[in-house]
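Novice: Shown below is the structure under consideration.
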Amino acid sequence: MPRRPVLTTAALFAATLAAPLLAEGQASGAAPMAVAVGKTDITPELDIPLAGYATDTPRLAAGVHRPLYARCTVFWDNGTPNVIVTADVLAFPRAIHQAIRSRIVSLGVASSHFVLTATHTHNGPVLTPDITAYTLYNILDPSPHMDRVHGYAAWVQDQIVDLVRISLAATAVPCTLDYQVADEAFSYNREGMAGVERDVPVLTARALDGSPLVVMFGYGCQPVVAPAETLIDPDYPGLAVEVVEQQTGGFAQFLTGAAGDQDPVASPGWQALDDRGHDLGQTVVNTITAPGRPVTGPILTAYRDVDVRLDITDTPSSLAAVRANFAVRQATAAGWISRHAEVMIDQIDTHSFAFTTPVPVQTWRFTGGTPLRLAFLGGEPVSGYAAYCRSHYGGTNGIWFSGYAGEVPAYLPTEQLLTTGGAWRYACGWSDDFPGIGGGAMCAYGIIAHYLRNAQGNGVEDTLIAALNAVL
């Protein structure tokens, strides 16, 4: 995989703003709050399999509609770096997330001070050189397709680590921070639940003359506006970032919200992508014309991994029944559902299945000014988790909830969705044929069972809410 250049806007900020903003002899990271940024092109070579939609024949990239980027903002809080990296990929698997995190810590960044998120584009490269490459995309290992996946996975890790290293070394620009929440309306709840995400949280770092340096914003909607074709594209988040940067002259990043049950109202298409991306970007631009409420440090951070239990009983009779159900599904279902059943039967026979999935839970808390919490949850959380955080931590102005952070082991349903199944029988992790085994989205993630319900003790919602409360 050829190395692409790191493109940093931090140097531009330093050249144009440092003279009037930095006092003589002042160290770049010594101001109470300062920012440095950078980005790097992570667009893969063509012919790499694309992720996001299950297929029996790998969907190979034939062109680039828009490039993919990894973006980095370093918030220097009294000399301490707090780093957020966003990447235009579907999701990071655990092995890649943990490898990147370890390397960033070796650069001198505390683990809780480092956030890695995926924008969740469905027209980016396959990044999972594991069983899901086979179950979802019918990519065998070894094969030329898998060789490309392995090559890209290793290369993109290096790119992200280099991006952070360069951003940490860039001249930081003193800034003020302000926060406000705008509104969008192109999400709907595809599982038929009441929750619909409308919030567009916006955190703006401004130069001391008030001009925007960094604009960080989010929205809870699946990035599936672009059609499922063979063109690489970051979907509506990438276009919205472009719009913000073009109209403000600053640097922009997008954080995907609680999108597990949120789809765009329009049918997929390039025109729909153009409409949604420009609409969201313009909403953000209009919002930051006047500053929001001030936010300052110190920034307090916390990070933990929480194990979420699966509904699987490790007894011979129980496993025999589960295996029998998967055998029926393998024989009667098509495509990726059948392949998932095949893999699960093999895991039962070798007793190699998982009993839990780890989910990263992280928070940043800006304690000065009007306090603000940023909550980051791994996986694909549904809207109920964002709703809970808003109801318990000061509403939309008190907390910003983001998903797809760190690693994405599975969809994260609420108790209501896990119990009722929802309209799609997808985010709940079970299917109507055999509700007692992993179905729906668990087939996409190669997991043997759905999560435990709260009534069983240690249910997925109770576990995650307790973990969020612990770090918040």
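Just so you know, the sequence shown maps onto residues 2 to 473 in our numbering. Even for Gly, the Cβ is constructed at its ideal location relative to N, Cα and C.
(1) Assuming Thr136 and His341 make a contact with CB atoms under 8 Å, what is their CB distance in whole Å?
(2) Kindly indicate the opening and closing residues of the alpha helix (DSSP H) around Pro498.
(3) Check Val362 in the structure and name its three-state DSSP category.
(4) Any chance the stretch 397-409 sits against the stretch 274-292, with 3 or more Cβ pairs inside 8 Å?
(5) For Gly439 and Ile167, what's the separation of their Cα atoms in angstroms?
(6) Rounded to whole angstroms, what is the Cα-Cα separation between Asp347 and Gly460?
(7) Could you check how far apart the C-beta atoms of Asn139 and Asp57 are, in whole angstroms? I think they sit under 8 Å.
(8) I need the DSSP call for Ile448, collapsed to helix, strand or coil.
(9) Go ahead and label Ala119 buried or exposed: buried means 16 or more other beta carbons lie within 10 angstroms of its beta carbon, across all protein chains shown.
(10) Any chance the stretch 247-255 sits against the stretch 209-225, with 3 or more Cβ pairs inside 8 Å?
(11) Is it buried or exposed, Leu379, if we count other Cβ atoms within 10 angstroms and call 16 or more buried?
(12) Classify Pro6: buried if its beta carbon has 16 or more other beta carbons within 10 angstroms, exposed otherwise.
(13) Is Ile105 closer than 8 Å to Trp90 when the C-beta atoms are compared?
(14) Please classify Trp337: does DSSP put it in a helix, a strand, or coil?
(15) Please list, in chain order, all residues of the same chain as Thr302 whose beta carbon is under 8 Å from its beta carbon, the five residues on each side excluded.
(16) Report yes or no: do three or more beta-carbon pairs, one from the stretch 38-49 and one from the stretch 323-334, lie closer than 8 Å?
(17) Could you round the C-beta distance between Val197 and Ile43 to whole angstroms and report it? I think they count as a contact, below 8 Å.
(18) Cα separation between Val203 and Trp431?
(19) So, under 8 Å CB-CB, His121 and Ala260 are touching, yes? Tell me the CB distance rounded to an integer number of Å.
(20) Check Ile85 in the structure and name its three-state DSSP category.
(21) Val225: which of Leu209, Arg207, Gly211, Ala267 sits nearest, CA to CA?
(22) Secondary structure at Leu13, three-state DSSP: helix, strand or coil?
Specialist: Put simply:
(1) 5 Å
(2) Lying outside 2 to 473, the shown extent of the chain, residue 498 is not represented and no answer is given.
(3) strand
(4) Output reads no: the stretch 274-292 does not touch the stretch 397-409.
(5) 43 Å
(6) 27 Å
(7) 5 Å
(8) coil
(9) buried
(10) yes
(11) In the sequence under discussion, the amino acid at residue 379 is Gly, which differs from the Leu named in the question. Looking at its Cβ environment, which holds 16 or more other Cβ atoms inside 10 Å, Gly379 is buried.
(12) Note that Pro6 has pLDDT 39, beneath the 50 cutoff, so the model's placement of it is unreliable and the number below is only indicative. Exposed.
(13) For the sequence presented, residue 90 should be read as Val rather than Trp. No.
(14) helix
(15) Asn83, Ala111, Ser113, His114, Gln363, Thr364, Trp365, Arg366
(16) Using a C-beta cut-off of 8 Å, the stretch 38-49 makes no contact with the stretch 323-334, since fewer than three inter-stretch Cβ pairs fall below that distance.
(17) Not confirmed; about 31 Å, so no contact.
(18) A straight line joining the alpha-carbon of Val203 with that of Trp431 spans about 35 Å.
(19) Under the criterion of beta carbons closer than 8 Å, His121 and Ala260 qualify as touching, at roughly 7 Å.
(20) strand
(21) If we check each option's Cα against that of Val225, Ala267 comes out closest.
(22) Low confidence applies to Leu13: its pLDDT is 38, below 50, so where it sits in the model is not reliable, and the reading given next is rough at best. It is helical.
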